[in-house]
Every structure is written in structure tokens, then in C-alpha cells.
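In terms of the working numbering, the sequence shown is residues 5 to 251.
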Amino acid sequence: KDIGMESKGLEFSEYMTKESLAQQGGYGLALKGPQHDEAWLIFLDMVHNYMPTFEQKAEALHWFPMFRTWFGLCGLCKLPWNDIVPEDNKDTPEPAKVIKHVQWYADYFSCVTGRKVGPDDLVRMSEAVYNFQRIFNLRMGHGRREHDTIPYRAMGPVTVDEYESRQERYDKQLSEKYGVDPAGKTTEEKLAVLRKFREEEYERLKDAVYQRRGWTKEGIPTIETVRRLGIDFPEVLEVLNSHGVTS
């Protein structure tokens, strides 16, 4: 639970997520386990600081998994989307999304298929598939809140030695971010306090992302969500009903 870097049966891909709440969610909330195919946010979060607020992190953990899923649905590579960005991308309202390129993909899809779509339509296509996948996971016994848990090693320092190796940083966080005076506390006490705050943050993030995705507090798509997405098949409703979801 503390140190085994595994979630949903998959070993973590090799990014250290302790200082990036967004990437913790990117790994923990991913449908197929902790890999960055769905939400590679650590660079956008820690280097560019594109999502400084809690609300922006929650929005990113809805939008990015949905849009990145779309590439898989259409057999396209993600790299031209955000590895090279327009010169004025940083001046756009949401630079992390590279929205000019998203619009280009919508235009491309329209040209190939003859169906006129916009960026929001691409995300909705993915939402239908993504929610169906979540419900399939649920059917197989793996699609609830408890399965979106990650080991504490992915959230913060686990051992006394680890805390003390970056004591100045962690003490500063306790004081400035959480309002706790570390003076006079043992390392074990500071470890426990920091852990409490970080685990609470991760649970709050789950709540915010679930709400944004149209899921229950248990991480299950609601009836309203599956109807909105057109996946309210009898078999889907049966699975949801069997887990207590009726609205």
C-alpha cells in the first residue's frame, strides 16, 4: 500500500509524481492503470504551471483523457498535436490544450468523413467510449473509487530518511501550504501530518474529477451521463443498476 508502485495491476511508468497532484490523478484515475497515455500532465503542471489551481487540475483530468482517447479511436498519433505548438499558443486562454491544433483535427475529421464537427464534438466522441470502458471495468469488478487509489509513495515521502533528505522543502510546505508549524515536531510526526494533507488532497481531486465527468462519488457514470452520451443500452443500465446507480 505504501511502497508498491502498482495500481490496477499495472506497474507505474517512470515519472515521480510526489510533487504533481495533477499527474497523481493522471495515473490513479486512468482506466488501464498508471501510464501516461490518458493524461501526461506532469510537464504542463510542474514546468509550464498551466494548471495552478485545484479546479484547473480537475478540468485537465477530464479533458485530456477524453481528447487523448480520440487519437486512439481515429488511429492518429498524438505528437503533432502538442509536441510542436503554434508560436502564439502561450497567449491563448488554455495553452495546455493547444486549441488551434485541436480545431485543425476537427477540420481534418470533417474533411475525411463529411461530418461537420468542432472540438467539443471530438471530446464527446471519446466520452462515449471512455464511459463505456469505465462501465466495462465496473462489470469486471474494477471500476469503483477504491480502484483509483495509488500507493502513498506516489503522493509523498514514505520514510523518515526520505523526508529528512528534503526536509527544508517539506517543512516549508507544512508551514506555507498547510499552515502547520513544523518546529518542535519529530520527523515521524511531520511525516504523519504531511501524509494526512496529501491523501486528503488526492481524495478531493477524485471528487472534483468524478463530478466533472458526470460520475457518482463512487466513480461510476450516472444514468444521466450514459443517456447524454447515447450509451444507455439495456446491458449498460443493468450493470449500473446492480451497483446502486439509478439516476
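We put the CB at the ideal spot given by N, CA and C, even for glycine.
Going by DSSP, what residue range makes up the alpha helix (DSSP H) through residue i?
i      : result
Phe68  : Phe58 to Cys78
Trp85  : Leu83 to Asn86
Arg149 : Element bounds for Arg149: n/a, residue is neither H nor E.
Asp92  : Segment: none, Asp92 is in no alpha helix (DSSP H) and carries neither H nor E.
Phe201 : Thr191 to Arg217
Phe136 : Pro123 to Arg143
Ile103 : Ile103 to Thr117
Glu180 : Gln171 to Glu180
Closest to residue i by C-alpha separation, out of the options, would be which residue?
i      : options                          : result
Ile103 : Asp111, Asn93 and Tyr112         : Asn93
Glu91  : Lys120, Ala212, Leu48 and His105 : His105
Gly183 : Leu83, Leu142, Gln171 and Phe201 : Phe201
His247 : Leu233, Thr229 and Glu222        : Glu222
Gly188 : Thr153, Glu180 and Asp175        : Asp175
What would DSSP say about residue i, mapped onto helix, strand or coil?
i      : result
Glu42  : coil
Pro225 : strand
Ser246 : helix
Ser251 : coil
Leu35  : coil
Ser11  : strand
Met50  : helix
Leu233 : coil
Pro186 : coil
Gly160 : coil
Glu23  : coil
Glu168 : helix
Glu239 : helix
Quick check on residue i - is its C-beta less than 8 Å from some C-beta in chain C?
i      : result
Arg149 : This model lacks chain C altogether; it includes just one protein chain.
Answer with buried or exposed for residue i, where buried requires no fewer than 16 other C-beta atoms within 10 angstroms of its C-beta.
i      : result
Val249 : buried
Asn135 : buried
Arg138 : buried
Glu193 : exposed
Asn245 : exposed
Ile7   : exposed
Pro225 : buried
Just to check my reading of the structure: residue i and residue j have Cβ atoms closer than 8 Å, yes? What is that Cβ distance to the nearest angstrom?
i      : j      : result
Pro186 : Leu195 : At roughly 11 Å, the Cβ-Cβ gap does not stay under 8 Å, so Pro186 and Leu195 are not in contact.
Trp67  : Val127 : 7 Å
Val133 : Thr73  : 6 Å
Ala212 : Ala62  : 4 Å
Val230 : Asp236 : 5 Å
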